[in-house]
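Enquirer: Quick one: this structure, given as structure tokens, is what I'll be asking you about.
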Amino acid sequence: MNARARAEFEILKDRERCCDCGLCAKQCANGVYSVTKEGGWRIADEKCVNCQRCVEMCPTGALKVIKNRNAPRSDGNWHLQAVREIYKQAETGGVLLSSMGNQSDMPAYFDRIAVNASQVTNPPIDPLREPMETRVYLGAQNREVKRDANGQIKPEGGALRLEVPVMFSAMSYGSISYNAHAALARAARELGTYYNTGEGGLHRDFYEYGANTIVQVASGRFGVHKDYLNAGAAIEIKMGQGAKPGIGGHLPGEKTVGDIALTRMIPPGSDAISPAPHHDIYSIEDLRQLVDSLKEATGHAKPVFVKVAAVHNIAAIAGGIARSGADVIVLDGWRGGTGAAPTRIRDNVGIPVELALASVDSRLRAEGIRNRVSLVAGGSIRNSADMVKAIALGADAVYIGTAALIALGCHVCRSCHGGKCNWGIATQQPELVARLDVEEGVRRLVNLVTAWKHEMEEMMGGMGINAIEALRGNRLMLRGLGLSSRELDILGIMHAGE
Amino acid sequence: MEIYAKGMSCEQLNEAVRRCTDKRIDIRACNGQRFIACAGAGRSINVYGVAGNGAGAYMESGELRVYGNAQDALADTMGGGEIYVFGGCGDAAGYAMRGGEVYVRDNAGYRAGVHMKAYDKQFPVLVVGGRAGCFLGEYLAGGIIAVLDLHNEAAPLGEEAARGMHGGRIYVRGEVGVPLPECTAARRAEAEDMRLLEPYLRKFCAAFGGDVNALLADKFTVITPAENARAKRLYVSN
Amino acid sequence: MEERFAEGNVRIPAGCAISGFIHRDGRLSDGGAIITSIATMRERSNGLGGGFAGYGIYPEYKDHYALHLFYADKVVKRECESFLEERFDIINLSKIPVRKTPGVVDAPLIWRYFVRALPTRLAESQLDEDEYVSRCTFDINTHMKGAYVFSCGKNMGAFKAVGYPEDVGEFYRLDEYKAYSWIAHGRYPTNTPGWWGGAHPFCLLDMAVVHNGEISSYDANRRNMEMFGYKCNLQTDTEVITYIFDYLVRKRGLTLKEACAVIAAPFWHKIERMPEEERARAEYLRRNFSGLLITGPFSVILGYKGGLLAINDRLKLRSMVVGEYKNTTYIASEECAIRAVAPVLDRLYAPEGGEAVIAEVMR
């Protein structure tokens, strides 16, 4: 009874421009457009997710999607969104399910932080003409120096080498398409960085990109076996995810078809449930047990990442992880994306990555163990400035997920869980997947990261820094804008003007 | 090769096993060393004593025999091979196991067979001779768990068995004795059900003794996912 | 180490290993076996805390409270000793003997006092002697910076430090003490404890608790206990668990089993299936002390005069096994810790979640 009121968007079709080619109907997997018996167009606004596919593809530019102008009454407390959610739940009795990151307007601390530049007392550096180093190693730090019989140092420890401190974060094959994975894998190789399998296993076609792959081990252990563990350059234990800390996942049987089931190593059509906890980890010493067992299974050759959602007690948790034998800690903030998460969890659980990162870095330093591990931050790194700020707060590198998908053509319509992504990213329907051109995708990902690298070099140069190690944890390069003294204290930065 | 494990750390023991090229390894005086036969393939390892946590984790093939008890996380994410425990095992045995067979002569602790799943030719089997603790077969997605309750100590299953089960089968000799969740259905095992179980019971009896025919003639209950378990939808798109 | 991250200023979750045994025939044994046992589970601790408690170790002073104290320096020691002299009759005081051990460094001053309450002060306070001692202990631990009472029971004592437990046992020369029951702990904290008081066991009067796991109900429990006058100075789970037992047993008169039915109360659906009388009692305990339900993983060994109690959380999220050989009962996180000292057992079993195991010296 509330279908019209629920419609978030409204489609405007310019009759004069429309040439009745019907491409919009062919392009829309959500079934917004149909032809009536009389031969006219029927447009179902309530099915539109505003992914802009029809708008982009329309040969005559006849389409516009706008926010529904029909405005049921709302007020400062009962926002339209709140009302619409109640309609949905009253109709279905269902738990609200959303995609992508927390969209609330709570502060993004990155936007309240300003970066420094050199003036007079030391020189800025021109990155286009002078050396500028952005290479980072993750893992195997601060080991005991060992020497051979001749007194020569014996280098040891397998560390990951990143030419640029950006990696593509975990997105499973199943939550995104084969073509999206292919593009991420190839782009990672070209960029000298890494992409992450997520918890869907590793498709047999992508074993060849193993040197640029991080294989994930999550609570469902899908696709996890000895060859898989040895296939990648590193192993990531996923304890949690910024978008849905503390809860598991569920890929319904209708999505575990064909290669998805094959790669996850489950029978086609069966539900793929990831339990909320790892049932072999109920305490910090159990994490160490899993880290050790993974190292045993791979002959101690691979660095082990532990990914956790940024939650209240993150500093203590990270302290425990740093002592568990893990090589890299990944902090995923509450704005981190997801293919599907209960709305209430996504929008209310966890803390921003900026605060988590700053407090973890501070605590690990206070305890003298920061150099045992590398820190990777994720959870809405939107541009190179976010990345520079994250590194100056204490990160070694960052993970990007949503930003990479946007480079691949995502229009952030927040409907990944529907499985009908018109851009061929978050879907398994072959005709939709085919819309994502892998070559083009690789080019765009490489472009994005390369552009960020240049921008980062510009900013580093401005600060007079020519190696990324000198930026890491260099919080004097940051100043807060309009933040409370408590916030500044946690971030470990001064206010602008100080 | 024979390894005398007394006083050895888990790293030393597993390093010794890794270096050894023999097909058969006997580990004597073992007491709690972890990760024995972790990711093991094609070998036969015999443990005398207590096998520590994570024995047979990611195991691919071959055989692990524990003459004593196994501690927690036995056969974690196991993919293939056979494990025989001539004793009992701790908590979380067979977690996320995808293939291979685990035979435990005595009792299993809490959370045995959680999230086991079958795949292609891989079919995980966990047979417990005694009773199994609470949360047996939580989220079970595939394979077979059998609880034989041969020692008649208490009810064969602990509380909360088969929560979230959506695939596979759980066999229990006799009555289940505890309430089962709505997503499951329990019934008396019929001849066809027993034919599926028979090869594993034979192996169990071959290893630990016992009359397989008498066992096969016993009443078994079989628990499977309920027909409509999948129909229930929890979510609404937002 | 910055002050703001020190123990007591931040909440410190920790994982761990626990072990304990009791000779039910009252026989005494030295600290060698408990060290061997806890050392077997080295992977479960990370060198940032170890400790022991022994019962029956001070027969010559068995009617006196044995106060074990850490002092940061001599100034606070003098201050604390005058505090004690005003309130107690101190019949013996000495340094606790230690042995130089490489794995144990930065030791504070460690002293021991055998005391009884001064009769006049006790009468004036209108308290029983246990409560009097307990209040004095809280006073020192809350208000006297740099002094910390880490053990205050009769004929028992705790010994703890920052380090691996086997090194801590060596440091305290536990081979020189004889006890009818011992408990031990190897700690895996998520941060560096600022000082030794944070190690386990945590003690109050005759109770000593070692614990494994991070409980999720901590602050609900803490705020309840602070309402009853307990001060949670350390912000650790073990501390609040000890106070809950002290409160329910000593102050509210519950039996240990009943106290266990409060902290690890059965699920409602399980209570509903109980026979009528049992159901009514279980429901009563759960609702009457609802703020003291502990959720999240824990396995606990509680030492008390003449007995040991072991209990897991109701979901049994931590592993714990119990072994019996003749007149000795063993409890540990892992079987290997028992087999290391008792290779042959009459019985070995894993208690159910929420099932209290009690072993006591036979009278």
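Protein chains in written order, with my numbering: chain A, 119 to 616; chain B, 284 to 521; chain C, 1284 to 1646. For each residue, glycine too, the CB sits at the ideal point set by N, CA and C. Fair warning: this is a prediction, and the values are worked out from it, not measured in the lab.
(1) Listing by chain order, which chain C residues have their CB less than 8 Å from the CB of Ile435 (chain A)?
(2) Give a yes or no on whether the C-beta atoms belonging to Thr1525 (chain C) and Val1493 (chain C) are separated by under 8 Å.
(3) Measure the beta-carbon distance from Ile1374 (chain C) to Phe1397 (chain C) and round it to whole angstroms, keeping in mind my assumption that it falls under 8 Å.
(4) Does chain B have any CB closer than 8 Å to the CB of Val213 (chain A)?
(5) Just by C-beta distance, which residues in the segment 439-451 of chain B are closer than 8 Å to chain C?
(6) Pairs of beta-carbons, one from the segment 548-566 of chain A and one from the segment 290-300 of chain A, closer than 8 Å: are there three or more?
(7) Please report how far the alpha carbon of Arg253 (chain A) lies from the alpha carbon of Ala1355 (chain C), in whole angstroms.
(8) Mind pulling the chain A residues with CB within less than 8 Å of Pro1634 (chain C)?
(9) Of all Cβ atoms in chain B, is any one closer than 8 Å to the Cβ of Gly318 (chain A)?
(10) Considering only residues of the same chain and omitting the five flanking positions on each side of Leu599 (chain A), which have a CB-CB separation below 8 Å?
(11) What separation, rounded to the nearest whole angstrom, lies between the Cα atoms of Glu164 (chain A) and Phe127 (chain A)?
(12) Whole angstroms are fine: how far does the CA of Pro439 (chain B) sit from the CA of Thr504 (chain B)?
(13) Compare the C-beta of Ser1328 (chain C) with all C-beta atoms of chain E and state if any pair is closer than 8 Å.
(14) If we cut at 8 Å on Cβ distances, does Val333 (chain B) have a partner in chain C?
(15) Taking DSSP as the reference, what is the three-state secondary structure of Phe1572 (chain C)?
(16) Compare the C-beta of Gly1517 (chain C) against all C-beta atoms of chain A and say whether one is closer than 8 Å.
(17) Is Val491 (chain A) near Ala419 (chain A), with beta carbons less than 8 Å apart?
(18) Mind checking if Glu308 (chain A) is an interface residue toward chain C, Cβ cutoff 8 Å exclusive?
(19) Nearer than 7 Å: is that true of the beta carbon of Phe1485 (chain C) relative to any heavy atom of the ligand ZN?
(20) Within 10 Å of its beta-carbon, does Glu326 (chain A) have 16 or more other beta-carbons around it, so buried, or fewer, so exposed?
(21) Quick one, are the C-beta atoms of Ile1577 (chain C) and Tyr1455 (chain C) less than 8 Å apart?
(22) Arg1622 (chain C) touches chain B at which residues, Cβ-Cβ below 7 Å?
(23) Out of curiosity, what's the CA-to-CA distance linking His397 (chain A) and Gly367 (chain A)?
(24) Can you find a CB in chain C that lies within less than 8 Å of the CB of Asn352 (chain B)?
(25) Taking the Cβ atom as the reference point for each residue, do Thr1473 (chain C) and Gly438 (chain A) lie within a distance shorter than 8 Å?
(26) Any beta-carbon of chain A closer than 8 Å to the one on Thr507 (chain B)?
(27) Opposite Glu346 (chain B) in the DSSP bridges: which residues?
(28) Go through its chain and collect everything with a Cβ distance to Asp501 (chain B)'s Cβ below 8 Å, but skip five positions before and after it.
(29) With C-beta atoms as the reference, is Ile432 (chain A) less than 8 Å away from Ala394 (chain A)?
(30) Buried or exposed, going by whether 16 or more other CB atoms sit within 10 Å of the CB of Gly350 (chain A)?
(31) Could you name the residues of the same chain whose beta carbon sits closer than 6 Å to that of Asn390 (chain B), not counting the 5 residues immediately before and after it, in chain order?
(32) To which residues does DSSP link Glu384 (chain B) through a beta bridge?
(33) Verify the CB distance criterion: does Gly373 (chain B) have a CB-CB separation below 8 Å to chain C?
(34) Using a cut-off of 8 Å between C-beta atoms, extract the partners of Glu1618 (chain C) located in chain B.
(35) Alpha carbon to alpha carbon, what distance is there between Met175 (chain A) and Glu605 (chain A)?
(36) Starting from Tyr454 (chain B), follow the beta strand (DSSP E) in both directions and report where the run begins and ends.
Expert: Answer, in terms of the structure:
(1) Along the first sequence, read from residue 1 onward, the residue named residue 435 (chain A) stands at position 317. Within chain C, the residues placing a beta-carbon under 8 Å from that of Ile435 (chain A) are Pro1296 and Thr1473, ordered along the chain.
(2) Looking up residue 1525 (chain C) in the third sequence gives position 242. Looking up residue 1493 (chain C) in the third sequence gives position 210. No, Cβ-Cβ distance for Thr1525 (chain C) and Val1493 (chain C) is not below 8 Å.
(3) Mapped onto the third sequence, residue 1374 (chain C) falls at position 91. Mapped onto the third sequence, residue 1397 (chain C) falls at position 114. Going by Cβ atoms, the distance from Ile1374 (chain C) to Phe1397 (chain C) rounds to 5 Å, so yes, they are a contact pair.
(4) For this step, residue 213 (chain A) is matched to residue 95 along the first sequence. For Val213 (chain A), the nearest CB of chain B lies under 8 Å from its own CB, placing it at the interface with that chain.
(5) Only those residues of the segment 439-451 of chain B whose C-beta falls short of 8 Å from the nearest C-beta of chain C are listed: Gly441 and Glu442.
(6) yes
(7) What you label residue 253 (chain A) is simply residue 135 of the first sequence in a count that begins at 1. What you label residue 1355 (chain C) is simply residue 72 of the third sequence in a count that begins at 1. Each residue's Cα considered, the two are about 46 Å apart.
(8) Along the third sequence, read from residue 1 onward, the residue named residue 1634 (chain C) stands at position 351. Per Cβ cutoff of 8 Å: no residues; Pro1634 (chain C) is ~16 Å from chain A at best.
(9) In the first sequence, residue 318 (chain A) corresponds to position 200, counting from 1. Not a single CB atom of chain B sits nearer than 8 Å to the CB of Gly318 (chain A).
(10) Along the first sequence, one-based indexing puts residue 599 (chain A) at 481. So the list reads Arg230, Ile231, Ala232, His613 and Ala614, once near-sequence residues are dropped.
(11) Position 46 of the first sequence, counting from 1, holds the residue named residue 164 (chain A). Position 9 of the first sequence, counting from 1, holds the residue named residue 127 (chain A). About 7 Å.
(12) For the purposes of this step, residue 504 (chain B) is taken as the residue at position 221 of the second sequence. For the purposes of this step, residue 439 (chain B) is taken as the residue at position 156 of the second sequence. Going from the Cα of Thr504 (chain B) to the Cα of Pro439 (chain B) covers about 11 Å.
(13) Among the protein chains in the structure shown, which are A, B and C, there is no chain E.
(14) Numbered from 1 along the second sequence, position 50 holds the residue referred to as residue 333 (chain B). For Val333 (chain B), the answer is yes, since a Cβ of chain C falls inside 8 Å of its Cβ.
(15) Your numbering for residue 1572 (chain C) matches position 289 in the third sequence. In this structure, Phe1572 (chain C) counts as coil in the three-state DSSP scheme.
(16) Here the question's residue 1517 (chain C) lines up with position 234 in the third sequence. With the sequence shown as reference, residue 1517 (chain C) is identified as Leu, and Gly is not the correct amino acid for it. Cβ-Cβ to chain A under 8 Å: no for Leu1517 (chain C).
(17) As a first step, residue 491 (chain A) must be located in the first sequence, where it is residue number 373. As a first step, residue 419 (chain A) must be located in the first sequence, where it is residue number 301. Cβ distance not < 8 Å, so Val491 (chain A) and Ala419 (chain A) don't count as in contact.
(18) One-based indexing of the first sequence puts residue 308 (chain A) at position 190. No, Glu308 (chain A) lies away from the interface with chain C (no Cβ there is under 8 Å from its Cβ).
(19) The ligand ZN is absent from the structure shown, which contains no ligands of any kind.
(20) By one-based count along the first sequence, residue 326 (chain A) stands at place 208. Glu326 (chain A) comes out exposed.
(21) Start at 1 with the first residue of the third sequence, and residue 1577 (chain C) comes out as number 294. Start at 1 with the first residue of the third sequence, and residue 1455 (chain C) comes out as number 172. No; because the gap between Cβ atoms is not below 8 Å, this pair is not in contact.
(22) In the third sequence, the residue the question calls residue 1622 (chain C) occupies position 339. Going along chain B in sequence order, the residues near Arg1622 (chain C) (Cβ under 7 Å) are Asn314 and Val333.
(23) Walking along the first sequence from the start, residue 397 (chain A) turns up at place 279. Walking along the first sequence from the start, residue 367 (chain A) turns up at place 249. Cα-Cα distance, rounded: 14 Å.
(24) Position 69 of the second sequence, counted from the first residue, corresponds to residue 352 (chain B). Closer than 8 Å to some Cβ of chain C, the Cβ of Asn352 (chain B) qualifies, so yes.
(25) Along the third sequence, read from residue 1 onward, the residue named residue 1473 (chain C) stands at position 190. Along the first sequence, read from residue 1 onward, the residue named residue 438 (chain A) stands at position 320. Yes, Cβ-Cβ distance for Thr1473 (chain C) and Gly438 (chain A) is below 8 Å.
(26) As a position in the second sequence, residue 507 (chain B) is number 224, starting the count at 1. False, the Cβ-Cβ gap to chain A never drops below 8 Å.
(27) Taking the second sequence and counting its residues from 1, one reaches residue 346 (chain B) at position 63. B:Ser327 and B:Glu365.
(28) Sequence index remark: in the second sequence, residue 501 (chain B) carries index 218 (1-based). Excluding sequence neighbours, Asp501 (chain B) sits near Arg456 and Gly457.
(29) Counting from 1 along the first sequence, the entry for residue 432 (chain A) is found at position 314. Counting from 1 along the first sequence, the entry for residue 394 (chain A) is found at position 276. Not in contact: Ile432 (chain A) and Ala394 (chain A) (Cβ atoms no closer than 8 Å).
(30) In the first sequence, residue 350 (chain A) corresponds to position 232, counting from 1. Counting other Cβ atoms within 10 Å of its Cβ, Gly350 (chain A) reaches 16 or more and is therefore classed as buried.
(31) The count along the second sequence starts at 1 and reaches residue 390 (chain B) at position 107. Around Asn390 (chain B): Gly371, Gly413 and Arg414.
(32) Here residue 384 (chain B) refers to the residue found at position 101 of the second sequence. Answer is B:Glu365 and B:Val408, bridged to Glu384 (chain B).
(33) The residue you call residue 373 (chain B) lines up with position 90 of the second sequence. It does; some Cβ of chain C falls within 8 Å.
(34) As a first step, residue 1618 (chain C) is located in the third sequence; it is residue number 335 there, counting from the start. By Cβ distance, chain B contributes Gly315, Val333, Asn352, Gln354 and Gly373.
(35) Counting from one through the first sequence, the residue named residue 605 (chain A) turns up at place 487. Counting from one through the first sequence, the residue named residue 175 (chain A) turns up at place 57. Taking the straight line from one Cα to the other gives about 46 Å.
(36) On the second sequence, position 171 is the one that residue 454 (chain B) refers to. Unbroken beta strand (DSSP E) run through Tyr454 (chain B): Arg452 to Arg456.
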